[in-house]
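Single-structure report; data block below.
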Amino acid sequence: MLNRSPVKGFTLIEMLIAISLLGIMVVLLFASLRIAAESWNSGEAKISEVNKKAVVYQFFKRHLSNTKPFPVIQDNQQQNDQQLGSQEVPKLAFTGLPQSISFVSALPAASARKGLQVFHVGLDPQQPSTLKVALTPYRQTESIPADAEPVVLLENLRHLKISYFGSSTDNGDGTSGWLDEWQGQATGQLPKLVKISIALNDDSFWPDMIFALKINGQPNAEALLGEQSQPGIANE
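Quick note: the sequence shown uses my numbering, first residue 42, plus one each step.
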């Protein structure tokens, strides 16, 4: 009779060890994928946060830093003539409050809007945690017109404070300091610096933004009022 050699194969213990090692490798693989996904999401959130802060900073740097010291233009030409004839300092189209600011600045040449615009930046009364900006053509705009559609600039705000650095007329010595409000009617000048402090609901770090206004002298009211009396000047 022929001797048959025994069939060689894996023992039960070897199979259990192999299955255990395979299971460990699968667990490590999925754990690595989960860690990679969390790292990716964390990185995306960080990039989004940085981009959001950069957009807000660039908005104020581009427009607020280039604020024009222009007076409020009356719709009535007779009122303009009276303003020119009076010895009073012309009222600037600049209003600075602790949680809102309005100023005159220009949009880029490539923008659909042309000419000077009045920027109204402040918290939404209906959503106090949302910062919005509304634009109106430079003219007599004591308040935001009803047809001005605000655009969301920043959401999820917990705190907003705007301060203004300059000489206060309340101080007899004319010293400069940080003020909570800046109306600009008394001196006819813009503040030298504007500081914007923002805190978000997620407690992420947001440093104070300080912008130097490039022009803070008194405006040439006669020239500006004369231009406004001509058709088609920055009122479209």
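Ideal Cβ placement from N, Cα and C applies to all residues, glycine included.
By the Cβ rule, the stretch 63-81 does not count as touching the stretch 93-109, because fewer than three pairs are nearer than 8 Å. Cα atoms of Leu63 and Trp81: separation of roughly 27 Å, rounded to the nearest angstrom. Short of 6 Å from the beta carbon of Val162, and not among the five residues preceding or following it, lie these beta carbons of its own chain, in chain order: Ile142, Val174. Taking the Cα positions, Thr216 is about 42 Å away from Ile88.
The residues Thr108, Leu231, in chain order, have a CB closer than 6 Å to that of Leu254 in the same chain once the five nearest residues on each side in sequence are set aside. Asn92 and Ala86 have their C-alpha atoms spaced approximately 10 Å apart. A direct Cα-Cα distance of roughly 19 Å separates Ile203 from Pro110. In the DSSP assignment, Lys255 forms no beta bridge with any residue. Fully enclosed alpha helix (DSSP H) runs of no fewer than 4 residues are not present anywhere in the stretch 145-206. For Trp247, the secondary structure class from DSSP, reduced to helix, strand or coil, is coil. Around the C-beta of Phe71, fewer than 16 other C-beta atoms lie within 10 Å, and the residue is accordingly described as exposed. When only Cα atoms are considered, Leu164 and Val68 end up about 49 Å apart. For Trp223, same chain residues with a beta-carbon under 6 Å away, outside a window of 5 residues either side, are Gly137, Tyr205, Pro232 in chain order.
Using a Cβ distance threshold of 8 Å, Ser170 and Leu198 count as a contacting pair.
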